[in-house]
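According to the working numbering, the sequence shown is numbered sequentially starting from 1. Only one structure is covered here, and it is reproduced in the block below.
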Amino acid sequence: MSDPTSPRIFVAQNTEGARRKVAAQVRLYSDAKVWLNARLALIAALALVSAVAALLAANEARTVIGAGGGVLLLIFSFVGANIEKRQRSLAVAVQEEFDTDIFRLPWNSIELNRPSPLIIAKAAARYRGGREKDWYSDTEGTHRPFDVLICQSSNLGWGATTHRIWSWILAAFLAVLVGLGALVALTLDLSGDDILVAFVVPGLAFLKEVIEQMRANFETARAKEAAEAKISTAWAEGMSGKQIPTEETLRLIQNKIMSFRQQNPYVPDWFDKKLHARNEHAMGATAADRVAEAARCGHGEPMQAEKP
Numbered sequence: 001m002s003d004p005t006s007p008r009i010f011v012a013q014n015t016e017g018a019r020r021k022v023a024a025q026v027r028l029y030s031d032a033k034v035w036l037n038a039r040l041a042l043i044a045a046l047a048l049v050s051a052v053a054a055l056l057a058a059n060e061a062r063t064v065i066g067a068g069g070g071v072l073l074l075i076f077s078f079v080g081a082n083i084e085k086r087q088r089s090l091a092v093a094v095q096e097e098f099d100t101d102i103f104r105l106p107w108n109s110i111e112l113n114r115p116s117p118l119i120i121a122k123a124a125a126r127y128r129g130g131r132e133k134d135w136y137s138d139t140e141g142t143h144r145p146f147d148v149l150i151c152q153s154s155n156l157g158w159g160a161t162t163h164r165i166w167s168w169i170l171a172a173f174l175a176v177l178v179g180l181g182a183l184v185a186l187t188l189d190l191s192g193d194d195i196l197v198a199f200v201v202p203g204l205a206f207l208k209e210v211i212e213q214m215r216a217n218f219e220t221a222r223a224k225e226a227a228e229a230k231i232s233t234a235w236a237e238g239m240s241g242k243q244i245p246t247e248e249t250l251r252l253i254q255n256k257i258m259s260f261r262q263q264n265p266y267v268p269d270w271f272d273k274k275l276h277a278r279n280e281h282a283m284g285a286t287a288a289d290r291v292a293e294a295a296r297c298g299h300g301e302p303m304q305a306e307k308p
């Protein structure tokens, strides 16, 4: 019979070095969000200025102002996105190192380079929060590989609902925005050409950002739920004794999680905090249920599973 991962995941994740990595990855993800928020705010502001300038300008200058502003905004959007992507890559690498260390999985050197200890230390020193402890729920005496599966499952299940809700909020915001634009156009009795150069072209960059975020959040929610369903299948087969997940299976699942993190669309911190308690409770309850199931099926320590 297998034993739990040694040292146990709950213990390993709360060592000083592991907590430093959690703090660093949270800080680095926040840095990437700062770039995203700054980019969106500047794009929105410049789009509004370009639209107003185009509306106030003479007809012959309207096209130049609208088109020129739209082109500059698109360029800025792409440049800002690349900077944000670099920050995200650092955060992903740190989080992957944290996971592979406590899960005792091999490093995927093909997909990622290990982050510098200096980068981790500097990012952790800038962290001002309280989420670096108890990152994963306690898998208690659940045997390997099922203790790792419980934690990997929580990675996927945590954000799917949040992504879907945020997508619908963005869709509603986009509908309101288009409605306001149509109302202004009707009030000012603008022609089709005026609407194009005063609203559509200057707003292309901002609309691109909103639509891309909306699409990405919907797709991520669906993909995470599909991946979680596959983990549930692997879990069920393991519990029945039909097929125990191998170390290679764990690494393949981790590769999928890493891929999600590299492409994961962001949700605002304020919105994430609104749902944090609910998501954390659901994750803890699901983990506890699986710990108990593993104990009943002989893949864990029975006495641990009897805890209320």
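Just so it is clear, CB atoms sit at the ideal spot from N, CA and C, and this is done for glycine as well.
Is the segment 285 to 299 touching the segment 162 to 171 in the sense that three or more CB pairs, one from each, lie closer than 8 Å?
no
Span separating the alpha-carbon of lysine 208 from that of alanine 12
43 Å
Rounding to the nearest angstrom, what Cα-Cα distance links asparagine 217 and glutamate 247 in this structure?
30 Å
Counting along the chain, where does the alpha helix (DSSP H) carrying asparagine 255 start and finish?
Its alpha helix (DSSP H) spans residues 247 to 263.
Pairwise C-alpha distance: arginine 222 and serine 232
About 15 Å.
Quick one: Cα of leucine 183 to Cα of histidine 163, how far?
30 Å
Measuring straight from C-alpha to C-alpha, what distance separates leucine 177 and lysine 230?
39 Å
For alanine 24, the nearest candidate out of Thr139, Ala285, Ile211, Val94 (CA to CA)
It is Val94 whose Cα lies nearest to the Cα of alanine 24.
In its own chain, which residues sit with a C-beta less than 7 Å from the C-beta of tryptophan 158, not counting the 5 before and 5 after it?
Asn279, Met283
Isoleucine 110 - DSSP class collapsed to helix/strand/coil:
coil
What's the gap between the Cα of tryptophan 135 and the Cα of leucine 204?
Those two C-alpha atoms are separated by around 40 Å.
Coil, strand or helix - threonine 26 by DSSP
The sequence shown places valine at residue 26, not threonine. Here valine 26 sits in helix by DSSP.
How far does the alpha helix (DSSP H) with threonine 286 in it reach, from first residue to last?
269 to 296
Is the distance from the Cβ of alanine 287 to the Cβ of isoleucine 150 below 7 Å?
yes
Using a threshold of 7 Å, state whether the C-beta atoms of valine 22 and glutamate 97 are closer than that.
No.
Is glutamine 319 near valine 26, with beta carbons less than 7 Å apart?
As displayed, the chain neither begins before 1 nor continues past 308, which places residue 319 out of reach and without an answer.
Do you know how far the Cα of proline 106 is from the Cα of glycine 139?
A small fix is needed here, since residue 139 is threonine in this sequence, not glycine. Approximately 21 Å between the Cα atoms of the pair.
Collapsed DSSP secondary structure at glycine 130 in the structure displayed
If DSSP states are grouped into helix, strand and coil, glycine 130 belongs with coil.
In chain order, what residues of the same chain lie with their CB nearer than 8 Å to the CB of arginine 114, ignoring the 5 residues before and after it?
So the qualifying residues of the chain are Ala93, Glu97, Trp107.
Report yes if the C-beta distance between leucine 36 and glutamate 84 is below 7 Å; otherwise report no.
yes
Going by beta carbon distance, what residues of the same chain come within less than 8 Å of arginine 19, once the five residues before and after it are set aside?
Gln13, Glu132, Lys133
Span of the alpha helix (DSSP H), counted from its first residue to its last, around isoleucine 9
For isoleucine 9, the enclosing alpha helix (DSSP H) starts and ends at 9 to 12.
Lysine 307 versus alanine 234 - alpha carbon distance:
Here the model assigns lysine 307 a pLDDT of 43, short of 50, so the residue's position is not dependable and the matter cannot be decided.
According to DSSP, is proline 4 helix, strand or coil?
coil
Given a cut-off of 7 Å on the beta-carbon distance, is the pair threonine 15 and arginine 104 in contact?
no
Measure from the alpha carbon of valine 267 to the alpha carbon of each residue in Thr249, Met239, Lys256, Met214, then state which is nearest.
Met214
Report the residue from Ala81, Gly17, Leu28, Pro7 whose alpha carbon sits nearest the alpha carbon of alanine 42.
Note that residue 42 is leucine in the sequence shown, not alanine. Nearest C-alpha to leucine 42: Ala81.
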